[in-house]
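In the numbering used here, the protein residues as written are 327 to 699.
See the structure below:
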């Protein structure tokens, strides 16, 4: 086993410290951080690409664990302003008395077969049930989208790359074939996603927790994510699907808003075409369906749901009968660095409201196994 020496630790600490200082002190970044309140949670790039989704022989190595300890230390200093032992696994922030932002740490204890440990889900449930009655919306921050296209054959293709097959296909999508550990370069990204085979049951568990929160607390849940270098939208909704007029009464209706880091370079067009093609919906449980939605109108085509251009998202509240709606405004660049042409796409999320004293329900019966909210 390779040792992790004091010299290596000092170099890694110096790297993270100077990396934060260099980027946070840039005038535009410093101005924004001084003027705009921040709610921060980390993802793999705050540690290194793919953290938590590597094979155990790498994930548990002393070098990986040593690098993680330094990344955690400086993340707490610069983003959480606390000691490591004081960092919260689940944080809840109230905004304007009607909206709560819930951020769950999905990296600290991530494993190839588990994103969030069970005790953190219990903490999530406890904190959300204690929200004030005035809260109408819960914005749940999942660094990786819960609703996102899944390329079913991708894992098979990437495994074949180990034997030197189909490398030209992956190269045409703009990606390297193998990383420095001899693993397919995109494999950690696929393993990161909620739709990965090892995470599907956990995704269903998370969604059902949020459905129970929505139903019994009477608040609308919206999923807000980034990480994937694109923008777009999807939704969770009851199955059979209710009419447009009934959406505000459907506690299973949860929009998914995707707006990735504004400084990240977008993925190549070939990859976007593949993701668009695989954007058809599916079932989460017997009463819930997931699908991508076409909120962006930047390209023509039947399944055009994602945009590989720099973007950011602004969120506003809008008063309406029976409560407040949230308006998620996706701002999309027309070309890199061109601030003159910014296209805006609005996603309106209505509050959750009862109809004749109850919510819309599919009347699905329970037949054992997982519960259905």
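Glycine included, every Cβ here is placed at the ideal spot set by N, Cα and C.
Beta-bridge partners of residue i, as assigned by DSSP
i	result
residue 541	Per DSSP, none; premise fails for residue 541.
residue 547	464
residue 582	549 and 560
residue 684	681
residue 437	440
residue 430	416
residue 659	668
residue 673	654
residue 272	Residue 272 is absent from the structure shown; the chain starts at 327 and stops at 699.
residue 421	425
Rounded separation between residue i and residue j - CA only
i	j	result
residue 419	residue 458	12 Å
residue 402	residue 685	41 Å
residue 475	residue 333	43 Å
residue 600	residue 594	10 Å
residue 329	residue 518	28 Å
residue 384	residue 352	34 Å
residue 349	residue 531	37 Å
residue 447	residue 523	20 Å
residue 398	residue 410	7 Å
residue 336	residue 387	18 Å
residue 539	residue 454	7 Å
residue 633	residue 668	13 Å
residue 449	residue 429	12 Å
residue 542	residue 416	20 Å
residue 358	residue 342	21 Å
residue 688	residue 615	12 Å
residue 586	residue 649	29 Å
residue 680	residue 395	48 Å
residue 413	residue 521	28 Å
residue 438	residue 596	27 Å
residue 700	residue 566	The structure shown does not extend to residue 700, since the chain is modelled only from 327 to 699, so the question has no answer here.
residue 571	residue 644	18 Å
residue 331	residue 389	9 Å
residue 658	residue 588	10 Å
residue 526	residue 340	38 Å
residue 371	residue 443	21 Å
residue 620	residue 556	14 Å
residue 467	residue 682	32 Å
residue 379	residue 431	15 Å
residue 344	residue 607	44 Å
residue 362	residue 456	27 Å
residue 377	residue 408	22 Å
residue 663	residue 637	11 Å
residue 296	residue 646	Residue 296 is absent from the structure shown; the chain starts at 327 and stops at 699.
Sequence-distant residues of the same chain with beta carbon closer than 6 Å to residue i, five excluded per side
i	result
residue 618	560, 605 and 631
residue 423	460
residue 655	640, 670 and 672
residue 393	338
residue 465	427, 548 and 550
residue 660	667
residue 445	none
residue 425	463
residue 693	Unreliable placement is indicated for residue 693, whose pLDDT of 44 sits below 50; no coordinate value is reported for it.
residue 598	632 and 634
Cβ neighbours of residue i in the same chain (closer than 7 Å, five flanking residues each side left out)
i	result
residue 580	536, 547, 548, 549, 561 and 562
residue 346	400 and 404
residue 435	443
residue 568	576 and 686
Beta-carbon contacts of residue i that lie in its chain and below 8 Å, excluding the five residues immediately before and after
i	result
residue 583	548, 549, 550, 551, 559, 639, 654, 656 and 673
residue 573	563, 579 and 676
residue 642	652, 653 and 655
Assumed close pair residue i, residue j - CB separation to whole angstroms, cut-off 8 Å
i	j	result
residue 472	residue 373	With a Cβ gap of about 21 Å, residue 472 and residue 373 do not count as contacting.
residue 369	residue 433	6 Å
residue 528	residue 441	6 Å
residue 635	residue 592	6 Å
residue 603	residue 629	6 Å
residue 545	residue 665	So it is not a contact: roughly 36 Å between Cβ atoms.
residue 366	residue 391	Not really, about 23 Å apart at Cβ, beyond 8 Å.
residue 470	residue 553	5 Å
beta-carbon residue i near the ligand NAP non-hydrogen atom, thresh 7 Å
i	result
residue 607	Absent from the structure shown: the ligand NAP. Ligands present: none.
Identify every run of the beta strand (DSSP E) within the segment 591–626, keeping only runs that are complete inside it and at least 3 residues long; order them along the chain. 608–611 and 614–619
Write down every uninterrupted run of the alpha helix (DSSP H) in the segment 373–413 whose length is 4 residues or greater and which is fully enclosed by it, in chain order. 382–385 and 388–401
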